[in-house]
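Every letter in the sequence shown is one number past the one before it in the working numbering, and letter 203, counting from 1, is 980. Glycine residues also receive a C-beta, built at the ideal position from the N, C-alpha and C atoms. In this text the structure is predicted, and so the values were computed from the model without any measurement. Note sheet for the following structure.
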Amino acid sequence: MKTLLIPTEPHEQMRTVFQTALLVAKRFGSYMEGFPLRPAVPDYVPIDMVSGLTWQADEKVDSESVRQSEDLFQAFMAQNGVGPFVAGSPPDTMSQGWFDKAPPGDTFVSGYGRVFDLIVLGRPVQGRPVPSMATLEAALFESGRPILIAPPEPPTTLGETVVIAWNCSTETARSTAFAMPFLRRAAQVIVLTIEGWTVPGPTGEQMARSLRMNGIAAKSVSVPNDRRNFGETILAQNAVLGGDLLIKGAYTQSRLRQMIFGGATQHVLTYAQVPVLMAH
778 MKTLLIPTEP HEQMRTVFQT ALLVAKRFGS YMEGFPLRPA VPDYVPIDMV SGLTWQADEK
838 VDSESVRQSE DLFQAFMAQN GVGPFVAGSP PDTMSQGWFD KAPPGDTFVS GYGRVFDLIV
898 LGRPVQGRPV PSMATLEAAL FESGRPILIA PPEPPTTLGE TVVIAWNCST ETARSTAFAM
958 PFLRRAAQVI VLTIEGWTVP GPTGEQMARS LRMNGIAAKS VSVPNDRRNF GETILAQNAV
1018 LGGDLLIKGA YTQSRLRQMI FGGATQHVLT YAQVPVLMAH
């Protein structure tokens, strides 16, 4: 996890996103790159198509948002002693950079994110427009890279105890493969299986055995579902196990079905209080 992309916008949860990324960077000696995240230009539709006054006002708002985003990013990095990237620095040196040429829109997040090891985003909070679920899903479905979702409150540790929410699916297998750098450095790795939640595939113990064969001291735990939603059980068991990083495949069921009927991914995206690494 040597390169981290941090889409940045001026909202109250941004510091938590930075803190989550910083914990990763300290663990791996990573380069963190920020850029101003803002709505696509078509979202700014002038009310007065003749005078263009609304468009001019929106341009000012956009410029101010870009400035505030960069100020937030640079202030956090300065406060934590993270300097700009310098070519030729030792490979484990934390560093940062700001990309000021980013166009507006979520499409850039998903495209540019393909050349980074990890995209760090804030968890959407009910009733708030930002962080945006649209941005998160664009990165999740289109980047081909894992995303790390920061909880609403800044974490103090990340990756000491890693819990893998194993449901035997392709999505979870992919998430686990992306998470291998974290798993290799964790003090404890637990493969959590919930009875009745799995799809046809290898058991949790088989996943734990595969990890042990890769030099990772993993163990498997299987529990019954004692709650209304499998997502509730995942989060409750993660808390019992002391997980400070949750690994989960995203949307084994269709996204539309989960939006209508609920599902584990939707619940975790709504209520997780620890960092969550996801891939689809």
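**Prompt:** How would you call MET1036, buried or exposed, if buried means at least 16 neighbouring beta carbons within 10 angstroms?
**Reply:** Confidence at MET1036 is low in this model, with a pLDDT of 46, below 50, so its placement is unreliable and no value can be given for it.
**Asked** CA-CA distance, GLU982 and HIS1044?
**Response** Whole-angstrom Cα-Cα distance: 25 Å.
**Message:** At the level of alpha carbons, what is the spacing between MET854 and ASP894?
**Reply:** C-alpha of MET854 to C-alpha of ASP894: approximately 20 Å in a straight line.
**Message:** Under 8 Å, with one C-beta from each stretch per pair, do the stretch 847–861 and the stretch 871–879 reach the 3-pair mark?
**Reply:** Result yes; three or more Cβ-Cβ pairs closer than 8 Å.
**Asked** Going by the CB atoms, is the gap between THR934 and ASP1021 shorter than 7 Å?
**Response** Yes. Within cutoff.
**Prompt:** Based on the DSSP output, what are the partners of MET1098 in its beta bridges?
**Reply:** As shown, the chain starts at 778 and ends at 1057. That puts residue 1098 outside it, with no answer to give.
**Prompt:** Around the Cβ of GLY921, are there at least 16 other Cβ atoms within 10 angstroms (buried) or fewer (exposed)?
**Reply:** If you draw a 10 Å sphere on the C-beta of GLY921, you find fewer than 16 other C-beta atoms in it, and that means exposed.
**Item:** Anticipated Cβ contact below 8 Å, GLN790 with PRO929, distance rounded
**Value:** 6 Å between Cβ atoms; contact.
**Request:** Grab me the residues of THR912's own chain with a C-beta within less than 7 Å of its C-beta, minus the 5 sequence neighbours each way, in chain order.
**Result:** Leaving aside the five residues that flank THR912 on each side, the residues in its chain whose CB is nearer than 7 Å to its CB run, in chain order, PRO784, LEU814, ASP883, VAL886 and LEU898.
**Item:** CA-to-CA distance, CYS945 to PRO979, given in whole angstroms
**Value:** A direct Cα-Cα distance of roughly 6 Å separates PRO979 from CYS945.
**Asked** From LYS996 to SER840, what does the alpha carbon distance come to, in whole angstroms?
**Response** Their backbone Cα atoms lie some 51 Å apart in a straight line.
**Message:** Just to confirm my understanding: we take VAL723, look at its own chain, exclude 5 residues before and 5 after, and list those with CB closer than 8 Å. What are they?
**Reply:** Residue 723 is absent from the structure shown; the chain starts at 778 and stops at 1057.
**Residue range of the beta strand (DSSP E) that includes SER997** = From DSSP, the beta strand (DSSP E) with SER997 extends over 995–1000.
**Message:** I'd like to check one pair, LYS1025 with ALA942: are the Cβ atoms closer than 7 Å?
**Reply:** Yes; because the gap between Cβ atoms is below 7 Å, this pair is in contact.
**Prompt:** If you draw a straight line from the alpha carbon of GLU1009 to that of GLN1050, how long is it in whole angstroms?
**Reply:** Taking the straight line from one Cα to the other gives about 12 Å.
**Prompt:** Can you give the Cα-Cα distance for VAL794 and ALA852, rounded to whole angstroms?
**Reply:** Whole-angstrom Cα-Cα distance: 14 Å.
**Item:** ALA879 - DSSP class collapsed to helix/strand/coil
**Value:** Of the three classes helix, strand and coil, the one that applies to ALA879 here is coil, per DSSP.
**Prompt:** What is the DSSP secondary structure of GLY811, counted as helix, strand or coil?
**Reply:** Here GLY811 sits in strand by DSSP.
**Request:** With a cut-off of 8 Å on the beta carbons, I'd call PHE959 and VAL940 a contact; round off their distance for me.
**Result:** About 11 Å separates the beta carbon of PHE959 from that of VAL940, a gap too long to meet the 8 Å contact definition.
**Message:** So, with DSSP's three-state summary, where would you put LYS779?
**Reply:** In the three-state scheme derived from DSSP, where H, G and I count as helix and E and B as strand, LYS779 is classed as coil.
**Item:** Alpha-carbon spacing of ALA864 relative to TYR808, whole angstroms
**Value:** Roughly 12 Å separates the two Cα atoms.
**Request:** Write down the C-beta distance between ILE993 and ARG951 rounded to the nearest angstrom, noting that I regard them as a contact closer than 8 Å.
**Result:** 17 Å between Cβ atoms; not a contact.
**Prompt:** Since LEU925 and LEU1054 are thought to touch, with beta carbons under 8 Å apart, how far apart are those beta carbons, to the nearest angstrom?
**Reply:** 5 Å between Cβ atoms; contact.
**Message:** Looking at PHE850: is its Cβ nearer than 7 Å to the Cβ of GLY811?
**Reply:** Result yes, Cβ atoms of PHE850 and GLY811 sit closer than 7 Å.
**Asked** Going by the CB atoms, is the gap between HIS1057 and PHE876 shorter than 7 Å?
**Response** When the beta-carbon positions are compared, PHE876 and HIS1057 stay at least 7 Å from each other.
**Request:** Return yes when the Cβ of HIS788 is within less than 7 Å of the Cβ of VAL907, no when it is not.
**Result:** Contact flag set, yes.
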